[in-house]
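J.: Could you have a look at this structure, given as structure tokens, before my questions?
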Amino acid sequence: MSKFLSKYSTYLRIGVSVGLFGFIAWRTDWSVVGTRFANLNIGLWLASVAVMVLAQVFSARRWQLFAQELGFTRTLSQYSAYYFIGTYFNLVLPTSVGGDVVRVWYLDGKSGRALAAFASVFLERINGLLVLIGVSCVGALVGMATGMELPWWIHTCVWGVAGCALLGGLSLPILQRWSLVPANRRAQLKALFDLVHVPKVLIGATFMSVLVQVIGVISFWLIGAALGLEVPVAYYCILGPMVSLLTLLPVSVNGIGLRELGTVVFLAPLSVDEDSAKTLAFLWFAASVSVSLLGGLVYLFGAYPKASTTNLANEGTDDNGSVDRDTDQGREREYKQAA
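Using the numbering used here, the first residue of the sequence shown is number 2, and each one after it goes up by one.
And the structure:
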């Protein structure tokens, strides 16, 4: 069964995406959608795209902080370029982690330290994810403080996800000492755990994540304002993270269908009609696609090596070194082999 799922997972995800999109199209009143687009404030939508671009730069800086501590020497402009390229591959590849694999490939640069490069990407993602969940909790608390009446299931979703994240964080020290985990993996987990205890890295990366998530809320709010939707800013702190987490489920391509359905469900308590919610989700996705296509331009016309399918398929199959903090790497692409 597992071999079948591994072999045909892409086709299954495409099938689910097509099915969900067909269901959404069947349930949509396209005249309402057309009216929403006709009345769209294009300036506000373009502003949302612009702040999304800024968020990518802050995300790249967050990644840089972890990678520097692991001994990788790059400029912020290089990390930003790799990050934009990663978003492009997240769009064009049928997997949600394709862009991360590309970023690992670029950062490794044939240095033999792919595992350390992966660790920097993994920690950057986890830091961003935890702050994303934290933003949803803040949104729920602000909502309660301002008298926003939300159904019980929204609070259950927010605090349930937060609880799972807390349990996951508490399990890391246990995994480091669990005898069933191979010794080399325990050593790698210890290296990762030690890294997140470096104050300057953790504080700096978390601050960047807060900026990224605040910008994300602003971007989402701008799109809603462009449509004339009267949704409180605090609720976007819940809506954005919850729908984003939903799209991470590996059941569709780029969250197609899940994004629209999630937006409809989470906006229903605010009496936003289905067609307006779907339009909001589509414009949100369109803004993300615009940023990803910018990454495609960086990939095609930037002075960076081109990642082939073979390169990416073989990522992680070689001797990828250790997760250490070797800072003596010399010039770019002339790194020392990790011990």
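For every residue, glycine included, the Cβ atom is placed at its ideal position computed from N, Cα and C. Nothing here was measured: the structure is a model prediction, and the numbers come from that model.
1. Rounded to whole angstroms, what is the Cα-Cα separation between V252 and R14?
2. By a C-beta neighbour count over all protein chains shown, 10 Å radius and 16 as the cutoff for buried, is L346 buried or exposed?
3. Do V265 and A278 count as a contact pair if the criterion is CB distance below 8 Å?
4. Take G258 and list the residues in its own chain whose beta-carbon comes closer than 8 Å to its own, dropping the five residues that flank it on each side.
5. With DSSP run on the structure shown, which of helix, strand or coil describes F5?
6. At 3 residues or longer, what runs of the beta strand (DSSP E) sit wholly inside the region 12-93?
7. Along the chain, which unbroken stretches of the alpha helix (DSSP H) at least 4 residues long are found entirely within the region 247-288?
8. Which residue wins for smallest C-alpha separation from A287, given the options G170, V139 and I224?
9. Out of P306, D274 and I127, which has the shortest C-alpha to C-alpha gap to V33?
10. List the whole-angstrom C-beta distance separating V299 from I86, where the pair is believed to meet the contact cut-off of C-beta under 8 Å.
11. State whether the region 110-119 contacts the region 67-75, with contact taken as three or more CB pairs (one from each stretch) at a distance under 8 Å.
12. Short check: CB of G263 to CB of L284, under 8 Å?
13. To the nearest angstrom, how far is it from the Cα of L1 to the Cα of G256?
14. Going by C-alpha distance, which of Y80, L92, V93 and R126 is nearest L108?
15. Can we say the region 136-152 touches the region 228-238, given the rule of at least three CB pairs closer than 8 Å?
T.: Reading off the structure:
1. Here residue 252 refers to the residue found at position 251 when the sequence shown is read from its first residue. Here residue 14 refers to the residue found at position 13 when the sequence shown is read from its first residue. The straight-line gap from Cα to Cα measures roughly 5 Å.
2. Because the chain in this structure spans residues 2 to 340, residue 346 falls outside the shown range and cannot be described.
3. Position 277 of the sequence shown, counted from the first residue, corresponds to residue 278. Position 264 of the sequence shown, counted from the first residue, corresponds to residue 265. Taking 8 Å as the Cβ cut-off, A278 and V265 qualify as a contacting pair.
4. Numbered from 1 along the sequence shown, position 257 holds the residue referred to as residue 258. Cβ within range, chain order: V17, S18, G20, L21, F22, F24 and I25.
5. On the sequence shown, residue 5 is found 4 positions in, with the first residue counted as 1. No answer about F5 holds up, because its pLDDT of 46 lies below 50 and its placement is not dependable.
6. none
7. 259-268
8. The residue you call residue 287 lines up with position 286 of the sequence shown. Measuring from the Cα of A287, the nearest candidate turns out to be I224.
9. Numbered from 1 along the sequence shown, position 32 holds the residue referred to as residue 33. Residue D274 is the option with its Cα nearest to V33.
10. For the purposes of this step, residue 299 is taken as the residue at position 298 of the sequence shown. For the purposes of this step, residue 86 is taken as the residue at position 85 of the sequence shown. That pair is a contact at about 6 Å.
11. yes
12. To locate residue 263, count along the sequence shown from 1; it is residue 262. To locate residue 284, count along the sequence shown from 1; it is residue 283. Going by C-beta atoms, G263 is not nearer than 8 Å to L284.
13. Limits of the chain in this structure are 2 at one end and 340 at the other, which puts residue 1 out of reach.
14. Stepping through the sequence shown from its first residue, residue 108 is reached at position 107. Answer by Cα proximity: Y80.
15. yes
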